[in-house]
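In what follows, a single structure is set out as structure tokens and then discussed.
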Amino acid sequence: LNTAYIPSLLHLLEIPQTMGILGGRPNHAIYFVGHEGNLLHGLDPHTTQPTPPLDSTFPSDDHLRSMKTDSPQTMDIHHIDPSIAVAFYCKDRADFQDLCGRLRDMSVEFSSTAPVTVAESAPRYDASNLSDLCLSLEDDANTSERSDEEDDYVLL
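In terms of full-length UniProt numbering, the sequence shown is residues 1 to 156.
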């Protein structure tokens, strides 16, 4: 991992809508859900357990004990493989708009090392060169007459 990305990745884990980062080492994935300094804390996505009965005993003492591990997954962020996936959850439109605002703020704060960016419209890939592409994005932002109900939201 290029060390220039470390501050922005750690900041990403502090955004309320971030559910985690799937990464780790080659052939050993970990689902990171938080950090303490440069130490990432995660869960092993390969560890499974049966669904507990959803009855009057839920959650049972046995089920709650099964949630604790004797070997928590941690990794210094300097050792994470650069191939990662980030998960977000937005409960409603306002939450999504809040996430977009936070990601835009990150792109300003971390400029070229922001791991995720958002845009108001899709780029015109048929543009003949980079300056045409940039101008098309500016034109789209200035002339957009679409209502919020017509917006398409796609997160990858």
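Positions of the beta carbon are idealized from the N, C-alpha and C atoms, including for glycine.
Per-residue DSSP class, three states only, for residue i
{"i": "Phe88", "result": "strand"}
{"i": "Leu64", "result": "helix"}
{"i": "Gln97", "result": "helix"}
{"i": "Thr18", "result": "strand"}
{"i": "Ile80", "result": "coil"}
{"i": "Val33", "result": "strand"}
{"i": "Ser147", "result": "A caution first: Ser147 carries a pLDDT of 49, below 50, which makes its placement in the model unreliable, though a value can still be read off. Of the three classes helix, strand and coil, the one that applies to Ser147 here is coil, per DSSP."}
{"i": "Thr113", "result": "helix"}
{"i": "Thr74", "result": "strand"}
Same chain, Cβ closer than 6 Å to residue i, neighbours up to 5 away in sequence not counted
{"i": "Ile6", "result": "Ile77"}
{"i": "Leu40", "result": "Phe32, Met75 and Ile77"}
{"i": "Ser8", "result": "Phe110, Thr113, Ala114 and Pro115"}
Short Cβ contact (8 Å threshold) for residue i with residue j
{"i": "Pro26", "j": "Asp61", "result": "no"}
{"i": "Leu103", "j": "Thr117", "result": "yes"}
{"i": "Leu10", "j": "Pro115", "result": "no"}
{"i": "Gln73", "j": "Gly42", "result": "yes"}
{"i": "Pro59", "j": "Pro52", "result": "yes"}
Close Cβ partners of residue i (< 8 Å) along its chain, the five nearest in sequence each way excluded
{"i": "Met19", "result": "Val33, Ala87, Phe88 and Tyr89"}
{"i": "Pro45", "result": "Leu22, Ala29, Ile30 and Tyr31"}
Delimiting residues of the alpha helix (DSSP H) encompassing residue i
{"i": "Leu13", "result": "Careful: Leu13 lies outside any alpha helix (DSSP H) and carries neither H nor E."}
Residues that residue i bridges to, as DSSP identifies them
{"i": "Ile6", "result": "In the DSSP output, where bridge partners are listed per residue, Ile6 has none listed."}
{"i": "Met106", "result": "Paired residues: none, contrary to the question."}
{"i": "Arg25", "result": "His28"}
Boundaries (first-last residue) of the beta strand (DSSP E) holding residue i
{"i": "Leu40", "result": "Leu39 to Leu43"}
Close-in-space but distant-in-sequence residues of the same chain around residue i (CB under 7 Å, 5 per side omitted)
{"i": "Thr69", "result": "none"}
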